Amino acid sequence: MSMYVRIKRKQQTIFLRAEQRETVQDIKTQIGEIVGQNPADIRLYGPDKQTRDMSDSASLGQQDIKSDSILYMVFRNPEGGGWEEVDTITPVTGGEMKD
Numbered sequence: 020m021s022m023y024v025r026i027k028r029k030q031q032t033i034f035l036r037a038e039q040r041e042t043v044q045d046i047k048t049q050i051g052e053i054v055g056q057n058p059a060d061i062r063l064y065g066p067d068k069q070t071r072d073m074s075d076s077a078s079l080g081q082q083d084i085k086s087d088s089i090l091y092m093v094f095r096n097p098e099g100g101g102w103e104e105v106d107t108i109t110p111v112t113g114g115e116m117k118d
């Protein structure tokens, strides 16, 4: 079944059409092509921003990702060692942005 997922990082949102049978690795590969990153340097977090290391071999359906779910993306720190923190900016009324 086709669905859309939103991938957020900082001020960026990527909308991807996906299938529930696609794996997390498939999604990371698509994202890597869009943002010019190696999929190995991308980590996805679940909608709660707490789920770490979504298994690359698990399908979106197995991870309970539904249509219009929001996933959070971080990159490996280029200076080595570790990953970025989950960082997104949420718009508020009045056109201002807040963390």
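For the sequence shown, this note's numbering assigns the number 20 to the initial residue and increments by one for each residue that follows. Where is the CB? At the ideal position from N, CA and C, for every residue including glycine. Only a predicted model underlies this, so the values are computations on that prediction, with no experimental measurement involved.
Practice task
Take the Cβ of Met-20 as the centre, count every other Cβ of all protein chains shown within 10 Å, and call the residue buried at 16 or more, exposed below.
Solution key: For the purposes of this step, residue 20 is taken as residue 1 along the sequence shown, with counting starting at 1. Answer is exposed; the Cβ neighbour count stays below 16.
Problem - Ile-50 beta carbon less than 7 Å from that of Ile-61 - result: Along the sequence shown, read from residue 1 onward, the residue named residue 61 stands at position 42. Along the sequence shown, read from residue 1 onward, the residue named residue 50 stands at position 31. Yes.
Practice task
Starting from the C-beta of Glu-41, find all residues in its chain whose C-beta is less than 7 Å away, skip the five residues before and the five after it, and write them out in chain order.
Solution key: Mapped onto the sequence shown, residue 41 falls at position 22. The residues Ser-78, Leu-79, in chain order, have a CB closer than 7 Å to that of Glu-41 in the same chain once the five nearest residues on each side in sequence are set aside.
Practice task
Out of Gln-44, Met-73, Trp-102, Lys-68, state which residue places its alpha-carbon closest to the alpha-carbon of Val-93.
Solution key: As a working mapping, residue 93 is identified with position 74 in the sequence shown. Looking at the Cα atoms, Trp-102 is the closest of the given residues.
Exercise for the section: Could you name the residues of the same chain whose beta carbon sits closer than 8 Å to that of Asp-75, not counting the 5 residues immediately before and after it, in chain order? Expected result: Sequence index remark: in the sequence shown, residue 75 carries index 56 (1-based). The beta carbon of Asp-75 sits closer than 8 Å to those of Thr-42, Val-43, Gln-44, Lys-47, all from its chain and outside the five residues before and after it, given in chain order.
Problem - Among Lys-29, Gln-31, Glu-104, Arg-36, the one whose alpha carbon lies nearest that of Tyr-23 - result: Within the sequence shown, residue 23 is the residue found at index 4, counting from 1. The option with the nearest alpha carbon to Tyr-23 is Arg-36.
Practice task
Rounded to whole angstroms, what's the CA-CA distance from Asp-87 to Gln-39? Just pull it up for me.
Solution key: In the sequence shown, the residue the question calls residue 87 occupies position 68. In the sequence shown, the residue the question calls residue 39 occupies position 20. Rounded to the nearest angstrom, the two C-alpha atoms are 12 Å apart.
Exercise for the section: For Lys-27, write down the residues that DSSP places opposite it in a beta bridge. Expected result: Taking the first residue of the sequence shown as position 1, residue 27 is located at position 8. Lys-27 is bridged to Thr-32, Tyr-91.
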